[in-house]
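Visitor:
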Amino acid sequence: MALLCGSLFRSSRLCFLSSHSVGNLQVCRRAVCPAKRAHFQSSCQTTITGSARSASFQIYSKAAAPLPRGPVLTPCGHCFHTSARLSALPAPFIWMIIKPLQKVVAIILGRSIRKWWVALPDNRRQLMRKWAWQRRWHLAGGAGVAIMIVALFLLTHLDESPLTGRTRLLVFSKEDYMELAALTSEVYMQEFAELLVPVTDVRHQVVERVVEHLAQRNKDIPGVSDITWSVHVVQSPSINAFVLPNGKVFMFTGMLEAIADVHQLTIVLGHEMAHALLGHTAEQASASHVLELLSVVLLIAIWAMCPHDGLSMLGHWVQGKLRELLFSRPFSRKLEAEADQVGLQLAAKACADVRAGPVFWQQLELRDQLSGEATLPEWLSTHPSHRNRFTQLDRLIPEALELREKCVCPALPATDPRDVFSKSVRVLLENAREQRSGGPQTEHKPLLPHSPTSVPTRLPAAFLAQTALPPSPDADQLSNGPVPAAVPKRVMTAPATATAAEEGSQHVLQSTS
Numbered sequence: 012m013a014l015l016c017g018s019l020f021r022s023s024r025l026c027f028l029s030s031h032s033v034g035n036l037q038v039c040r041r042a043v044c045p046a047k048r049a050h051f052q053s054s055c056q057t058t059i060t061g062s063a064r065s066a067s068f069q070i071y072s073k074a075a076a077p078l079p080r081g082p083v084l085t086p087c088g089h090c091f092h093t094s095a096r097l098s099a100l101p102a103p104f105i106w107m108i109i110k111p112l113q114k115v116v117a118i119i120l121g122r123s124i125r126k127w128w129v130a131l132p133d134n135r136r137q138l139m140r141k142w143a144w145q146r147r148w149h150l151a152g153g154a155g156v157a158i159m160i161v162a163l164f165l166l167t168h169l170d171e172s173p174l175t176g177r178t179r180l181l182v183f184s185k186e187d188y189m190e191l192a193a194l195t196s197e198v199y200m201q202e203f204a205e206l207l208v209p210v211t212d213v214r215h216q217v218v219e220r221v222v223e224h225l226a227q228r229n230k231d232i233p234g235v236s237d238i239t240w241s242v243h244v245v246q247s248p249s250i251n252a253f254v255l256p257n258g259k260v261f262m263f264t265g266m267l268e269a270i271a272d273v274h275q276l277t278i279v280l281g282h283e284m285a286h287a288l289l290g291h292t293a294e295q296a297s298a299s300h301v302l303e304l305l306s307v308v309l310l311i312a313i314w315a316m317c318p319h320d321g322l323s324m325l326g327h328w329v330q331g332k333l334r335e336l337l338f339s340r341p342f343s344r345k346l347e348a349e350a351d352q353v354g355l356q357l358a359a360k361a362c363a364d365v366r367a368g369p370v371f372w373q374q375l376e377l378r379d380q381l382s383g384e385a386t387l388p389e390w391l392s393t394h395p396s397h398r399n400r401f402t403q404l405d406r407l408i409p410e411a412l413e414l415r416e417k418c419v420c421p422a423l424p425a426t427d428p429r430d431v432f433s434k435s436v437r438v439l440l441e442n443a444r445e446q447r448s449g450g451p452q453t454e455h456k457p458l459l460p461h462s463p464t465s466v467p468t469r470l471p472a473a474f475l476a477q478t479a480l481p482p483s484p485d486a487d488q489l490s491n492g493p494v495p496a497a498v499p500k501r502v503m504t505a506p507a508t509a510t511a512a513e514e515g516s517q518h519v520l521q522s523t524s
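Going by our numbering, the sequence shown opens with residue 12, and the numbers climb by one from there.
#1: With DSSP as the reference, label residue 243 as helix, strand or coil.
#2: Residue 384 by DSSP, collapsed to three states: which one?
#3: Using a Cβ-Cβ cut-off of 8 Å (strictly less than) and excluding sequence neighbours within five positions of residue 46, which residues of its own chain qualify?
#4: To the nearest whole angstrom, what separates the beta carbons of residue 281 and residue 358, a pair I think is in contact under 8 Å?
#5: Keeping to the same chain, check which residues put their C-beta closer than 8 Å to that of residue 294; ignore five residues upstream and five downstream.
#6: Looking only at its chain, what residues have a beta carbon closer than 6 Å to the beta carbon of residue 26, apart from the 5 residues adjacent to it on each side?
#7: Do residue 429 and residue 370 come within 8 Å of each other at the CB atom, strictly closer than that value?
#8: Between which two residues does the alpha helix (DSSP H) harbouring residue 351 extend?
#9: In terms of alpha-carbon separation, which member of 438, 117, 297 lies closest to residue 187?
#10: For the candidate residues 350, 302, 362, 319, whose alpha-carbon lies nearest to that of residue 333?
#11: Within its chain, find whatever has a CB closer than 7 Å to the CB of residue 261; leave out the 5 residues flanking it on each side and keep chain order.
#12: With distance defined between alpha-carbon atoms, name the residue in 312, 382, 240 nearest to residue 326.
#13: So residue 229 and residue 360 are in contact, right, with Cβ under 8 Å, and what is the actual spacing, rounded?
#14: Cβ of residue 172 within 8 Å of Cβ of residue 289?
#15: On the DSSP letters alone, give me the boundaries of the beta strand (DSSP E) that residue 178 sits inside.
#16: Could you compute how far the alpha carbon of residue 316 sits from the alpha carbon of residue 248?
#17: Mind checking which residues open and close the alpha helix (DSSP H) that includes residue 285?
#18: From the DSSP output, read off the bridge partner residues of residue 252.
#19: Are the segment 270-287 and the segment 213-222 touching, with three or more C-beta to C-beta distances below 8 Å?
#20: Is it buried or exposed for residue 329, if we count other Cβ within 10 angstroms and need 16 for buried?
#21: Considering only their Cβ atoms, is the gap separating residue 257 from residue 238 smaller than 8 Å?
#22: Going by DSSP in three states, residue 405 sits in which element: helix, strand or coil?
#23: In chain order, what residues of the same chain have a beta carbon less than 7 Å from the beta carbon of residue 423, not counting five sequence neighbours either side?
#24: Where do the N-terminal and C-terminal ends of the alpha helix (DSSP H) with residue 335 fall, by residue?
#25: Among the residues of its own chain, which have a CB less than 6 Å from the CB of residue 379, if the five just before and after it don't count?
#26: Grab me the residues of residue 114's own chain with a C-beta within less than 7 Å of its C-beta, minus the 5 sequence neighbours each way, in chain order.
#27: Residue 366 and residue 427: beta carbons closer than 8 Å?
#28: Kindly indicate which three-state DSSP category residue 169 falls into: helix, strand or coil?
#29: Taking 8 Å as the limit between beta carbons, can you name the residues of its chain near residue 209, skipping five residues before and five after?
#30: In whole angstroms, what separates the C-alpha of residue 121 from that of residue 134?
#31: Expressed to the nearest angstrom, what Euclidean distance is found between the alpha-carbon atoms of residue 259 and residue 189?
#32: Output the boundary residues of the alpha helix (DSSP H) element that contains residue 134.
#33: Under three-state DSSP, which class holds residue 206?
#34: Return helix, strand or coil for residue 111, following the three-state DSSP convention.
#35: Just reading off the alpha helix (DSSP H) that residue 364 is part of, what are its end residues?
#36: If you draw a straight line from the alpha carbon of residue 155 to that of residue 142, how long is it in whole angstroms?
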């Protein structure tokens, strides 16, 4: 009888615990025995997180006290927890880990095939060649089937860009890259933790207001309203800016120093936001992933057919450089050109003066010429050259102006920023010639307002206030008030080397004519 009672007690307790482990929220009631002066108080808790569920049960005793009216909680057994479900890593993150491993596997496999072939006797090699020749059609059919499978895979992963209508290859979904972008943004936030400009800084406020204005004016575009845009300004002399797919905007102060007015800032931010809206990160990774898989076969062949490791390593290096020069860099330049086009349209709908876009790239070209910095040829770069970007944007200006008029934007001033910049460059050229010929000193003469040849220590917010974007009738205005001026207007001084100034100015004048 004692054994029977014990087994019944254990089974009832197990049933009680199992009923709680499936998530049924229950309150255990019991009758209070009047003969006992102490009672138990227990708590039953069930916590559900996502699809995982953990249950905990605790019991503790309480000193003797007057019994409350109504039911009380009963002891709920021992404490235990169910393990939570692990979330899967994003597919692009897994690919980033596997990418170097597949190259190592290809090298080992190709090298093993070569050593196996060298170790074979001559008669075995002749038999292998004869066997392959007799079954050449079977081998060709197998290769054809493999090619058809690859082609079918590529065709089933084609997608149409929502903004440009261009057909593209997407192996990784946008959701996967959103997860990866969240991880990447955390890494960047930790990297730039000590370099982030405070949100009260005028530079952060200007960039944030421009981003908000762009998002408000382009909210009819798919994806703009779905992204939560957040701005982070990084204290760095690098002329750079980028936007992650999840809407994290990172603007470097070096880029702000190279920008002359708010219209140029709007066009630059529109370009970076276009990258996020077009999903260029996922598209570039998808194309690179497919190319890496196809190049594995070539790597195996290189390491299997080359007579020794030195020649195999040289072939491996040549294969990688050719793939980069013939595909990766041209494809990246193509995406940059598309972002320039879409970014100009975003800026046009935000009522910016789109004519300032070509001027920005002329300024950067002039800056490179005057500083004497060596620039890579376009075919070696991941971005188009400054001159080609200026030429492309200048060709798109009429279309952007027409779009701007359709958005009921205020009329632009008659003065074209491109003409103003061209005249300013001519003034710079004349002063440089005077310096070379020993003419009157122009050391303190204002030469080129808004020129990027000087690098102020802070953002010239006065320029941003002077050329604020015009208000739009059906959207929140960019400037709810005047932009606070951080520094006075820049005054340019003559360049240190007159020869460099003349050569750079002539180079830019040729592109503007």
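Even glycine gets a Cβ: it sits at the ideal position worked out from N, Cα and C.
Guide: In short, the structure shows the following:
#1: DSSP places residue 243 in strand when its eight states are reduced to three.
#2: coil
#3: Interpretation of residue 46 is limited by its pLDDT of 42, a score under 50 that renders its predicted location unreliable; no figure is taken from the coordinates.
#4: Between residue 358 and residue 281 the Cβ distance is about 4 Å, and since that is below 8 Å, they are a contact.
#5: 179, 180, 181, 346
#6: Low confidence applies here, because residue 26 scores a pLDDT of 42, under 50, leaving its location unreliable and the question unanswered by this model.
#7: In this structure, residue 370 sits near residue 429, with a CB-CB distance shorter than 8 Å.
#8: 340-360
#9: 297
#10: 302
#11: 199, 243, 245, 252, 253
#12: The shortest Cα separation from residue 326 among 312, 382, 240 belongs to 312.
#13: 5 Å
#14: A contact, by the Cβ cut-off of 8 Å.
#15: 178-180
#16: 49 Å
#17: Counting along the chain, the alpha helix (DSSP H) containing residue 285 begins and ends at 273-289.
#18: 262
#19: yes
#20: exposed
#21: yes
#22: Helix.
#23: 364, listed in sequence order.
#24: From DSSP, residue 335 is part of no alpha helix (DSSP H); its letter is neither H nor E.
#25: 386
#26: Excluding residues up to 5 positions away in sequence, 310 lie with their Cβ nearer than 7 Å to the Cβ of residue 114 in the same chain.
#27: Taking C-beta atoms as the reference points, residue 366 and residue 427 count as a pair closer than 8 Å.
#28: strand
#29: Excluding positions up to five away in sequence, the list reads 215.
#30: 22 Å
#31: 11 Å
#32: Note, residue 134: alpha helix (DSSP H), 133-145.
#33: Looking at residue 206 - three-state DSSP - the assignment turns out to be coil, as it is neither helix nor strand.
#34: helix
#35: Neither: residue 364 is in no alpha helix (DSSP H) and is coded neither H nor E.
#36: Looking at the two C-alpha atoms, the distance is approximately 19 Å.
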